[in-house]
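Numbering (the numbering used here), first residue to last: -15 to 280.
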(Lines of atoms letter the chains of each structure in order from A and count residues from 1; the text may use other names and numbers.)
(Lines give C-alpha, C1' and ligand atoms only; values in the text may rest on other atoms or scores of the structure.)
Protein backbone atom coordinates (compact mmCIF):
# COMPACT_ATOMS: atom_id res chain seq x y z
CA UNK A 1 0.00 0.00 0.00
CA UNK A 2 1.51 3.30 -1.08
CA UNK A 3 0.90 6.48 0.90
CA UNK A 4 2.88 9.69 0.27
CA UNK A 5 0.51 12.03 2.13
CA UNK A 6 2.88 13.96 4.36
CA UNK A 7 -0.03 15.39 6.37
CA UNK A 8 -0.45 11.91 7.87
CA UNK A 9 3.02 12.10 9.43
CA UNK A 10 2.66 13.01 13.10
CA UNK A 11 5.27 15.06 14.93
CA UNK A 12 8.88 15.63 14.02
CA UNK A 13 12.39 15.43 15.43
CA UNK A 14 11.95 18.40 17.73
CA UNK A 15 14.55 17.92 20.46
CA UNK A 16 17.67 20.13 20.28
CA UNK A 17 17.72 20.38 16.49
CA UNK A 18 21.49 21.01 16.44
CA UNK A 19 21.97 17.34 17.34
CA UNK A 20 20.09 16.18 14.23
CA UNK A 21 22.68 16.91 11.58
CA UNK A 22 21.22 15.67 8.31
CA UNK A 23 17.84 14.38 7.19
CA UNK A 24 17.71 12.08 4.18
CA UNK A 25 14.99 9.95 2.60
CA UNK A 26 15.67 7.86 -0.49
CA UNK A 27 14.10 5.23 -2.69
CA UNK A 28 15.54 2.93 -5.31
CA UNK A 29 13.96 2.53 -8.72
CA UNK A 30 14.62 0.27 -11.72
CA UNK A 31 13.54 1.04 -15.29
CA UNK A 32 11.81 -1.49 -17.50
CA UNK A 33 13.96 -3.02 -20.23
CA UNK A 34 17.30 -2.72 -18.42
CA UNK A 35 18.98 -5.38 -16.28
CA UNK A 36 19.38 -5.04 -12.53
CA UNK A 37 22.90 -4.19 -11.37
CA UNK A 38 24.26 -7.75 -10.86
CA UNK A 39 23.44 -8.68 -14.46
CA UNK A 40 23.26 -5.40 -16.34
CA UNK A 41 25.53 -5.17 -19.38
CA UNK A 42 27.87 -2.27 -20.02
CA UNK A 43 25.74 -1.18 -22.98
CA UNK A 44 22.59 -1.26 -20.85
CA UNK A 45 24.26 0.74 -18.09
CA UNK A 46 25.36 3.37 -20.57
CA UNK A 47 21.83 3.29 -21.98
CA UNK A 48 20.36 4.05 -18.56
CA UNK A 49 22.75 6.98 -18.19
CA UNK A 50 21.90 8.34 -21.64
CA UNK A 51 18.17 8.05 -20.93
CA UNK A 52 18.47 9.78 -17.58
CA UNK A 53 20.74 12.58 -18.80
CA UNK A 54 17.91 13.57 -21.16
CA UNK A 55 15.10 12.87 -18.68
CA UNK A 56 16.71 15.13 -16.07
CA UNK A 57 16.42 18.07 -18.47
CA UNK A 58 12.62 17.83 -18.28
CA UNK A 59 12.28 18.13 -14.49
CA UNK A 60 10.16 21.05 -13.21
CA UNK A 61 11.43 24.15 -11.43
CA UNK A 62 12.75 23.44 -7.95
CA UNK A 63 13.82 19.94 -8.92
CA UNK A 64 15.69 20.87 -12.08
CA UNK A 65 19.47 20.87 -12.15
CA UNK A 66 22.39 19.17 -13.87
CA UNK A 67 23.73 15.65 -14.29
CA UNK A 68 27.44 15.02 -13.69
CA UNK A 69 29.08 11.75 -14.81
CA UNK A 70 31.73 10.16 -12.63
CA UNK A 71 33.88 9.66 -15.70
CA UNK A 72 36.08 12.75 -15.96
CA UNK A 73 35.10 14.18 -12.57
CA UNK A 74 37.91 16.02 -10.77
CA UNK A 75 39.13 13.99 -7.78
CA UNK A 76 38.93 16.90 -5.32
CA UNK A 77 35.34 17.57 -6.38
CA UNK A 78 34.46 13.89 -6.10
CA UNK A 79 35.92 13.63 -2.59
CA UNK A 80 34.12 16.77 -1.44
CA UNK A 81 30.82 15.33 -2.64
CA UNK A 82 31.56 12.12 -0.72
CA UNK A 83 32.52 14.05 2.43
CA UNK A 84 29.27 16.03 2.26
CA UNK A 85 27.31 12.75 1.95
CA UNK A 86 26.11 13.49 -1.58
CA UNK A 87 27.98 10.90 -3.61
CA UNK A 88 28.47 7.14 -3.50
CA UNK A 89 31.92 5.53 -3.63
CA UNK A 90 33.50 2.42 -5.11
CA UNK A 91 35.04 -0.41 -3.12
CA UNK A 92 31.94 -1.63 -1.26
CA UNK A 93 32.73 -5.31 -0.73
CA UNK A 94 29.09 -6.37 -0.99
CA UNK A 95 28.59 -4.63 -4.33
CA UNK A 96 31.91 -5.93 -5.63
CA UNK A 97 31.10 -9.56 -4.79
CA UNK A 98 27.67 -9.17 -6.42
CA UNK A 99 29.26 -7.87 -9.62
CA UNK A 100 27.70 -4.43 -9.31
CA UNK A 101 30.95 -2.48 -9.70
CA UNK A 102 31.94 -3.85 -13.09
CA UNK A 103 33.26 -1.27 -15.59
CA UNK A 104 33.63 1.38 -12.87
CA UNK A 105 33.00 4.31 -13.26
CA UNK A 106 31.45 3.92 -16.75
CA UNK A 107 27.78 4.90 -16.97
CA UNK A 108 27.57 6.23 -13.42
CA UNK A 109 26.97 9.70 -12.09
CA UNK A 110 24.99 12.08 -9.92
CA UNK A 111 22.22 14.57 -10.61
CA UNK A 112 21.29 17.32 -8.19
CA UNK A 113 19.15 20.42 -8.17
CA UNK A 114 20.63 23.86 -7.54
CA UNK A 115 20.18 23.74 -3.76
CA UNK A 116 21.44 20.13 -3.52
CA UNK A 117 18.31 19.04 -1.68
CA UNK A 118 17.17 16.68 -4.45
CA UNK A 119 19.62 14.16 -5.90
CA UNK A 120 19.59 11.08 -8.09
CA UNK A 121 22.39 8.51 -8.18
CA UNK A 122 22.65 6.75 -11.51
CA UNK A 123 23.85 3.12 -11.67
CA UNK A 124 25.10 2.61 -8.15
CA UNK A 125 23.51 -0.40 -6.38
CA UNK A 126 20.29 0.29 -8.28
CA UNK A 127 19.76 1.93 -11.63
CA UNK A 128 18.36 4.93 -9.75
CA UNK A 129 18.56 6.11 -6.16
CA UNK A 130 16.23 9.09 -5.79
CA UNK A 131 17.13 11.16 -2.71
CA UNK A 132 15.70 14.11 -0.81
CA UNK A 133 17.96 15.53 1.87
CA UNK A 134 18.39 18.64 3.94
CA UNK A 135 20.74 19.83 6.63
CA UNK A 136 18.80 20.97 9.67
CA UNK A 137 15.51 20.71 7.78
CA UNK A 138 12.16 19.28 8.74
CA UNK A 139 11.36 15.65 7.98
CA UNK A 140 7.95 16.39 6.49
CA UNK A 141 9.45 18.82 4.00
CA UNK A 142 12.10 16.30 2.97
CA UNK A 143 9.39 13.64 2.58
CA UNK A 144 7.16 15.92 0.49
CA UNK A 145 10.05 16.86 -1.81
CA UNK A 146 10.88 13.20 -2.37
CA UNK A 147 7.29 12.36 -3.28
CA UNK A 148 7.23 15.16 -5.86
CA UNK A 149 10.67 14.16 -7.14
CA UNK A 150 9.81 10.50 -7.65
CA UNK A 151 6.72 11.41 -9.65
CA UNK A 152 8.62 13.98 -11.70
CA UNK A 153 11.45 11.56 -12.52
CA UNK A 154 8.98 8.81 -13.40
CA UNK A 155 6.97 11.12 -15.64
CA UNK A 156 10.13 12.36 -17.34
CA UNK A 157 11.41 8.82 -17.97
CA UNK A 158 8.02 7.87 -19.44
CA UNK A 159 7.97 10.94 -21.69
CA UNK A 160 11.53 10.31 -22.87
CA UNK A 161 11.36 6.55 -23.46
CA UNK A 162 7.86 5.22 -22.89
CA UNK A 163 9.27 3.09 -20.06
CA UNK A 164 8.10 2.90 -16.46
CA UNK A 165 9.61 1.80 -13.16
CA UNK A 166 9.57 -1.97 -12.51
CA UNK A 167 6.64 -2.70 -10.17
CA UNK A 168 5.33 -6.09 -9.06
CA UNK A 169 1.77 -6.31 -7.65
CA UNK A 170 2.94 -8.32 -4.62
CA UNK A 171 6.63 -7.45 -4.19
CA UNK A 172 6.37 -3.75 -4.89
CA UNK A 173 9.22 -1.91 -6.59
CA UNK A 174 11.99 -4.22 -7.77
CA UNK A 175 15.58 -3.62 -6.69
CA UNK A 176 18.95 -5.33 -6.90
CA UNK A 177 18.88 -6.19 -3.19
CA UNK A 178 15.86 -8.14 -1.87
CA UNK A 179 15.90 -6.12 1.36
CA UNK A 180 14.69 -3.12 -0.65
CA UNK A 181 11.64 -4.83 -2.13
CA UNK A 182 8.39 -3.02 -1.44
CA UNK A 183 8.69 0.72 -0.99
CA UNK A 184 12.46 0.69 -1.45
CA UNK A 185 12.41 3.61 0.96
CA UNK A 186 14.95 4.42 3.65
CA UNK A 187 14.31 7.44 5.88
CA UNK A 188 17.32 8.39 7.97
CA UNK A 189 18.85 11.06 10.14
CA UNK A 190 22.44 11.67 11.21
CA UNK A 191 22.27 12.16 14.96
CA UNK A 192 24.78 12.45 17.81
CA UNK A 193 24.29 9.72 20.43
CA UNK A 194 27.25 10.01 22.84
CA UNK A 195 25.36 8.25 25.64
CA UNK A 196 24.57 5.21 23.53
CA UNK A 197 28.16 5.21 22.23
CA UNK A 198 29.43 4.94 25.80
CA UNK A 199 26.87 2.22 26.52
CA UNK A 200 28.16 0.22 23.56
CA UNK A 201 27.36 -0.53 19.93
CA UNK A 202 25.74 -3.90 20.63
CA UNK A 203 23.23 -2.47 23.14
CA UNK A 204 22.42 0.26 20.60
CA UNK A 205 21.84 -2.32 17.86
CA UNK A 206 19.57 -4.31 20.17
CA UNK A 207 17.54 -1.23 21.09
CA UNK A 208 17.22 -0.22 17.44
CA UNK A 209 15.95 -3.71 16.62
CA UNK A 210 13.21 -3.26 19.23
CA UNK A 211 12.26 0.07 17.64
CA UNK A 212 12.31 -1.33 14.06
CA UNK A 213 15.33 0.86 13.30
CA UNK A 214 18.74 0.23 11.79
CA UNK A 215 21.94 2.00 12.93
CA UNK A 216 24.83 2.60 10.54
CA UNK A 217 27.95 4.70 10.34
CA UNK A 218 27.58 7.96 8.47
CA UNK A 219 29.54 6.61 5.50
CA UNK A 220 27.08 3.92 4.60
CA UNK A 221 26.28 0.28 5.20
CA UNK A 222 29.87 -0.92 4.77
CA UNK A 223 31.63 2.23 5.98
CA UNK A 224 31.99 1.26 9.64
CA UNK A 225 31.34 3.45 12.67
CA UNK A 226 33.56 6.16 14.13
CA UNK A 227 32.78 8.79 16.73
CA UNK A 228 29.30 9.13 18.20
CA UNK A 229 27.35 10.26 15.13
CA UNK A 230 25.07 7.58 13.68
CA UNK A 231 22.88 7.20 10.63
CA UNK A 232 19.58 5.89 12.04
CA UNK A 233 16.83 4.70 9.70
CA UNK A 234 13.75 2.53 9.41
CA UNK A 235 14.68 -1.15 9.14
CA UNK A 236 11.81 -2.44 7.01
CA UNK A 237 10.86 -1.66 3.39
CA UNK A 238 8.23 -4.30 2.54
CA UNK A 239 4.74 -4.53 4.04
CA UNK A 240 4.45 -0.91 5.18
CA UNK A 241 3.46 2.36 3.53
CA UNK A 242 5.89 5.22 3.07
CA UNK A 243 4.12 7.26 5.76
CA UNK A 244 4.36 4.37 8.23
CA UNK A 245 8.10 4.01 7.64
CA UNK A 246 8.79 7.72 8.13
CA UNK A 247 6.66 7.68 11.28
CA UNK A 248 8.64 4.70 12.58
CA UNK A 249 11.88 6.60 12.07
CA UNK A 250 10.60 9.76 13.76
CA UNK A 251 9.16 7.98 16.79
CA UNK A 252 12.15 5.67 17.17
CA UNK A 253 14.81 8.37 16.90
CA UNK A 254 12.93 10.56 19.38
CA UNK A 255 12.95 7.62 21.79
CA UNK A 256 16.67 6.98 21.26
CA UNK A 257 17.42 10.65 21.88
CA UNK A 258 15.49 10.75 25.16
CA UNK A 259 17.28 7.60 26.30
CA UNK A 260 20.63 9.04 25.21
CA UNK A 261 20.14 12.06 27.48
CA UNK A 262 19.72 9.72 30.45
CA UNK A 263 22.71 7.61 29.38
CA UNK A 264 24.86 10.74 29.20
CA UNK A 265 23.97 11.45 32.83
CA UNK A 266 24.72 7.83 33.75
CA UNK A 267 28.19 7.99 32.20
CA UNK A 268 28.98 11.55 33.33
CA UNK A 269 29.06 13.04 29.83
CA UNK A 270 28.57 16.83 29.80
CA UNK A 271 25.74 17.97 27.49
CA UNK A 272 26.72 19.32 24.09
CA UNK A 273 26.24 23.11 23.99
CA UNK A 274 23.98 24.64 21.38
CA UNK A 275 25.92 26.23 18.51
CA UNK A 276 26.21 29.99 18.24
CA UNK A 277 23.98 31.63 15.61
CA UNK A 278 25.81 31.93 12.27
CA UNK A 279 27.25 35.30 11.31
CA UNK A 280 26.39 36.96 8.03
CA UNK A 281 29.58 35.63 6.48
CA UNK A 282 28.96 32.02 7.55
CA UNK A 283 27.66 29.65 4.88
CA UNK A 284 26.93 25.95 4.95
CA UNK A 285 29.13 23.68 2.86
CA UNK A 286 25.97 21.77 2.02
CA UNK A 287 24.86 24.49 -0.36
CA UNK A 288 28.22 25.54 -1.75
CA UNK A 289 28.55 25.25 -5.53
CA UNK A 290 31.00 22.73 -6.94
CA UNK A 291 33.08 23.09 -10.07
CA UNK A 292 32.63 19.99 -12.19
CA UNK A 293 34.88 19.19 -15.12
CA UNK A 294 32.04 17.87 -17.25
CA UNK A 295 28.29 17.79 -17.28
CA UNK A 296 25.82 16.28 -19.70
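Glycine included, every Cβ here is placed at the ideal spot set by N, Cα and C.
{"Query": "Counting pairs of Cβ atoms below 8 angstroms between the stretch 168 to 176 and the stretch 214 to 226, do you hit three or more?", "Result": "yes"}
{"Query": "Mind checking whether residue 69 and residue 202 have CB atoms under 8 angstroms apart?", "Result": "yes"}
{"Query": "Specify whether the stretch 132 to 141 and the stretch 39 to 52 touch according to this definition: at least 3 beta carbon pairs, one from each stretch, less than 8 angstroms apart.", "Result": "yes"}
{"Query": "So, at 7 angstroms on beta carbons, what are the nonlocal neighbours of residue 160 in its own chain, with the 5 sequence-adjacent residues on each side left out?", "Result": "20, 21, 22, 84, 109, 110"}
{"Query": "Within 10 Å of its beta-carbon, does residue 104 have 16 or more other beta-carbons around it, so buried, or fewer, so exposed?", "Result": "buried"}
{"Query": "Quick one: using the 10 Å Cβ neighbour count with 16 as the cut-off for buried, is residue 81 buried or exposed?", "Result": "exposed"}
{"Query": "Is residue 133 closer than 8 angstroms to residue 79 when the C-beta atoms are compared?", "Result": "no"}
{"Query": "For residue 155, I'd like the list of residues in its chain whose CB is within less than 8 angstroms of its CB, leaving aside the five on either flank, ordered along the chain.", "Result": "165, 166, 222"}
{"Query": "Give the list of continuous alpha helix (DSSP H) stretches no shorter than 4 residues that lie fully inside the stretch 8 to 64.", "Result": "26 to 39"}
{"Query": "Could you tell me if residue 254 is buried or exposed, where buried requires 16 or more neighbouring beta carbons within 10 angstroms of its beta carbon?", "Result": "exposed"}
{"Query": "Quick one, are the C-beta atoms of residue 126 and residue 52 less than 8 angstroms apart?", "Result": "no"}
{"Query": "Within the same chain, show all residues whose beta-carbon is closer than 6 angstroms to that of residue 230, passing over the 5 residues directly before and after it, in chain order.", "Result": "-7, 127, 171"}
{"Query": "Quick check for students: name the residue ranges of the beta strand (DSSP E) that lie wholly in the stretch 143 to 187, counting only runs of 3 or more.", "Result": "169 to 176"}
{"Query": "Helix or strand or just coil, what does DSSP make of residue 214?", "Result": "strand"}
{"Query": "Looking at residue 191: is its Cβ nearer than 8 angstroms to the Cβ of residue 240?", "Result": "yes"}
{"Query": "If you draw a straight line from the C-alpha of residue 15 to the C-alpha of residue 26, how long is it?", "Result": "15 angstroms"}
{"Query": "Below 8 angstroms CB to CB, which residues in the same chain sit around residue 272 once its five sequence neighbours on both sides are set aside?", "Result": "Here residue 272 scores only 40 on pLDDT, less than 50, and its place in the model should not be relied on; the value that follows carries that caveat. Cβ within range, chain order: n/a, list empty."}
{"Query": "So, is residue 151 buried or exposed, given that buried needs 16 or more other C-beta atoms within 10 angstroms?", "Result": "exposed"}
{"Query": "List the whole-angstrom C-beta distance separating residue 56 from residue 96, where the pair is believed to meet the contact cut-off of C-beta under 8 angstroms.", "Result": "About 17 angstroms separates the two Cβ atoms, so there is no contact after all."}
{"Query": "Based on the DSSP output, what are the partners of residue 198 in its beta bridges?", "Result": "217"}
{"Query": "CB-CB under 7 angstroms to residue 149, same chain, minus the five flanking residues each way: which ones, in chain order?", "Result": "13, 14, 15, 138, 157"}
{"Query": "DSSP puts residue 112 in a beta bridge; with which residues?", "Result": "13, 106"}
{"Query": "If distances are taken between C-alpha atoms only, which option among 244, 237, 251 comes closest to residue -3?", "Result": "237"}
{"Query": "Within this structure, are the beta carbons of residue 31 and residue 147 separated by less than 8 angstroms?", "Result": "no"}
{"Query": "Using DSSP with H/G/I as helix, E/B as strand and the rest coil, what is residue 125?", "Result": "helix"}
{"Query": "Enumerate, from N- to C-terminal direction, the unbroken beta strand (DSSP E) stretches of 3 or more residues contained entirely within the stretch 216 to 251.", "Result": "none"}
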